[in-house]
Amino acid sequence: MTLVVLLGSSPGPIGSLPPGSGGRPVLPTDLKLTSLPGAPTAYGRLLGQVASLGPQPVTIARPADAYAYREQGGRVVESAGVAEDLWALADLVEHTTDNMLIMPANSFVHDELIYQITKAKRAALALIVREERDENAPEPPPIEEAEPEIGRGVLEGLPQRTRAGRGRVTSVGTSYHAVTRPNAALLGPIHLHQRHAAVLADVARELAGMAHLFGPEDDVTELLVLGLVRRGVSVGVRGRRDLFYRRLHTPEDTAEAERDFAGFDEDRARLDNAVKGADGFFTTFFVSTYSRFIARWAARRGLTPNQITLVSIFFGLLSAASFATGTRAGWIAGGVLIYFAFVFDCVDGQVARYARKFGVLGAWLDATFDRFKEYAVFVGLAVGATVSGQFGDGEGVWTLALAAIALQSVKHLLDFSFGAANRRRAPVPLPTLELHVANDRPLRDALEERRVSRSTGVRGLLKLWTKAGKFRPVHWARKMIVFPIGERFAAIAITAAFFDPRVTFITLLIWGGVAATYTLTGRILRSIA
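Note that our numbering gives residue 488 to position 478 of the sequence shown, counting from 1, and the numbers run on in steps of one.
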């Protein structure tokens with residue numbers, strides 16, 4: 011469940027005054043999205059988009075505008091100004107047990123982007139637009155030499171006064187708070203885990219007491235991110251990428267946004283996002299290039315991820331049976347079948363993400379039967395080697411098969427145990443800074459000191475290896491060396507089809523041994539660091 015708070019009276023530029031408005035700004039309740047009869051307003055459309063997230067959304071609006079918002083079915087809290095906006099927000103979130111989505115009521119956004127923001131793993135996330143850096147521009151001065159600024163330029167009609175780096179917001183400026191070398195603008199939506207509710211409420215109340223320091227251009231969402239960052243909350247960043255987000259201020263904005271919106275293929279973006287971004291080399295280039303289209307086809311015909319998992323298991327067992335024939339034709343057929351077993355293993359997850367059908371049973375089946383298929387194939391290969399008569403009584407091949415199973419089992423044990431240990435690890439606290447301090451230099455100095463301290467010894471070595479990942483050959487080499495399931499199934503298919511089961515097991519043991527050594531060394535170093 012998610013508590014949705016819509017800011018219907020953003021203190022930023024909320025619109026122009028249309029003829030005959032009597033001095034009232036254009037509200038999202040006024041902005042018709044098309045000229046067709048019965049077409050929703052921008053606010054009505056947004057209410058429909060967030061309705062599935064949880065209880066009825068709450069809109070914070072000015073008393074004069076409250077009726078217009080209530081008329082469209084939203085629950086409205088009246089507020090006379092920025093300070094009251096912040097107090098109202100604090101009261102709404104303080105005791106919530108739900109995650110929170112806070113966004114301007116004049117947001118025009120893809121459904122898929124709302125979904126991705128609210129389902130992100132980060133406990134705090136803000137949507138930003140980042141400055142596009144000119145490749146030929148001179149290097150900016152070192153951060154120690156840069157002077158703080160109130161703002162620099164405008165992105166998407168929003169003040170560029172956010173500093174983002176290393177995947178999170180590091181500083182935010184307002185008309186009172188200076189920020190050094192801003193490189194982004196906050197677009198509006200913020201998503202927070204429920205554990206940050208009390209911090210958000212405290213921040214909102216403290217900012218409400220400082221409302222006299224802020225100007226008409228200061229936005230509530232910007233103020234909230236400023237407060238969270240200065241309280242040591244790690245606020246992750248996300249760009250729009252291939253999806254659409256814009257804040258509507260005038261009828262002209264609305265018409266332009268609808269035209270631009272039509273140029274985005276939301277279904278394709280949703281399909282592309284159904285593919286995991288952290289997949290290995292073989293999966294990325296030899297499976298996911300087309301498996302996503304199988305996933306869409308299956309989802310549109312009502313097939314569930316669990317049904318696709320059963321298809322993958324079926325192909326895996328057929329592969330094991332083909333390997334067990336002990337013939338060259340059987341080994342080639344087994345190699346082809348294990349490839350398609352892996353394809354459908356990828357498709358089941360892609361169907362789950364595309365159709366948004368998740369379940370504990372499906373996750374358990376996927377993890378468990380991946381191992382079952384793999385070990386069934388190992389047994390099939392060993393049986394085939396024995397049946398073929400090429401290796402005597404086959405005892406040596408069975409020894410290799412058992413060693414491969416043992417090695418892979420130990421590797422999985424290490425993976426799961428390290429993951430469980432990391433989930434229990436307390437996060438490293440970030441530096442904090444009082445909200446009344448206008449200059450962000452103390453915060454920058456603390457972050458720089460933290461960066462330097464983490465750049466020595468084992469941490470420094472790990473950091474260098476992480477930075478090396480920006481080079482594509484190193485990135486893919488790191489992906490392949492850990493011998494993920496895609497590479498393992500590819501190695502089995504190729505060596506069995508072109509050579510024999512003994513070569514397959516030797517390949518699995520050598521590559522698997524290198525992978526286990528590399529992984530174990532890295533995890534020991536990370537544990538020490």
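Don't be surprised by glycine CBs; every beta carbon is placed ideally from N, CA and C.
Small disclaimer: the values here were computed from a predicted structure and weren't measured.
query, result
"Go through the stretch 209-242 residue by residue and report every complete run of the alpha helix (DSSP H) that reaches 4 residues or more, in order.", "230-240"
"When the distance is taken between beta carbons, is R55 closer than 7 Å to V68?", "no"
"Could you tell me the distance, in whole angstroms, from the CA atom of L471 to the CA atom of N316?", "42 Å"
"For the stretch 462-524, which segments carrying the alpha helix (DSSP H) assignment without a break, of at least 4 residues, lie completely within its bounds, in sequence order?", "467-477, 482-491, 495-508"
"Helix, strand or coil for S31? Go by DSSP, reduced to three states.", "At S31, the pLDDT of 45 sits below 50, so the modelled position is not reliable; the number obtained from the coordinates is stated separately. Note: S31 maps to coil in three-state DSSP."
"By Cβ distance, which residues of its chain are closer than 7 Å to V103, with the 5 residues on each side in sequence left out?", "L13, M110, A207, L210, A211"
"Terminal residues of the continuous beta strand (DSSP E) containing R311?", "Here R311 belongs to no beta strand (DSSP E), and DSSP marks it neither H nor E."
"Who pairs with E444 in a beta bridge, going by DSSP?", "DSSP, once it has assigned bridges, lists no residue as partnering E444."
"Grouping DSSP H, G and I as helix and E and B as strand, with all else coil, what is H259?", "coil"
"Which whole-angstrom value describes the C-beta separation of L519 and A386, a residue pair presumed to lie in contact below a C-beta threshold of 8 Å?", "Actually they do not touch by this definition, with Cβ atoms about 18 Å apart."
"Quick check: the Cα distance between P452 and G175, rounded to an integer number of angstroms?", "17 Å"
"Relative to the alpha-carbon of T190, which residue among T51, A90, R454, N432 has its alpha-carbon at the smallest distance?", "R454"
"Would you be able to state if there are at least three C-beta pairs under 8 Å between the stretch 333-351 and the stretch 298-306?", "no"
"Drop a sphere of 10 angstroms on the beta-carbon of Y364, count the other beta-carbons inside from all chains shown, and report buried for 16 or more, exposed for fewer.", "buried"
"Could you work out which residue in S419, L96, V119 is closest to M220 when comparing CA atoms only?", "L96"
"Start and end of the alpha helix (DSSP H) containing L386?", "The residue asked about is misnamed: residue 386 is Ala in this sequence, not Leu. First-last of the alpha helix (DSSP H) with A386: 370-398."
"Within 10 Å of its beta-carbon, does S19 have 16 or more other beta-carbons around it, so buried, or fewer, so exposed?", "buried"
"Return the chain-ordered list of same chain residues with a C-beta closer than 6 Å to the C-beta of S322, the five sequence neighbours on each side being excluded.", "A351, F354, D355"
"Do you know how far the Cα of F325 is from the Cα of L371?", "20 Å"
"Check whether the Cβ atoms of A392 and W408 sit closer than 7 Å, and answer yes or no.", "yes"
"Apart from the five residues just before and just after A330, which ones in its own chain have a Cβ nearer than 7 Å to its Cβ?", "A386, V387, V389, G390"
"Of all the options T505, R132, T44, I304, which has the alpha carbon lying nearest to the alpha carbon of R178?", "R132"
"With H, G and I counted as helix, E and B as strand and the rest as coil, what does DSSP make of P114?", "strand"
"Have a look at A305, G64, Q66, A90 and flag the residue whose alpha-carbon is nearest the alpha-carbon of D75.", "A90"
"Determine the extent of the alpha helix (DSSP H) in which R338 is found, giving its start and end residues.", "338-365"
"Quick check: what's the CA-CA separation for A71 versus N116?", "12 Å"
"With a threshold of 16 other CB atoms inside 10 Å of the CB of A506, please say whether the residue is buried or exposed.", "buried"
"Classify P169 as helix, strand or coil using the three-state DSSP reduction.", "strand"
"Contact check, M113 vs G64 under 8 Å by CB: the rounded distance?", "Between G64 and M113 the Cβ distance is about 14 Å, and since that is not below 8 Å, they are no contact."
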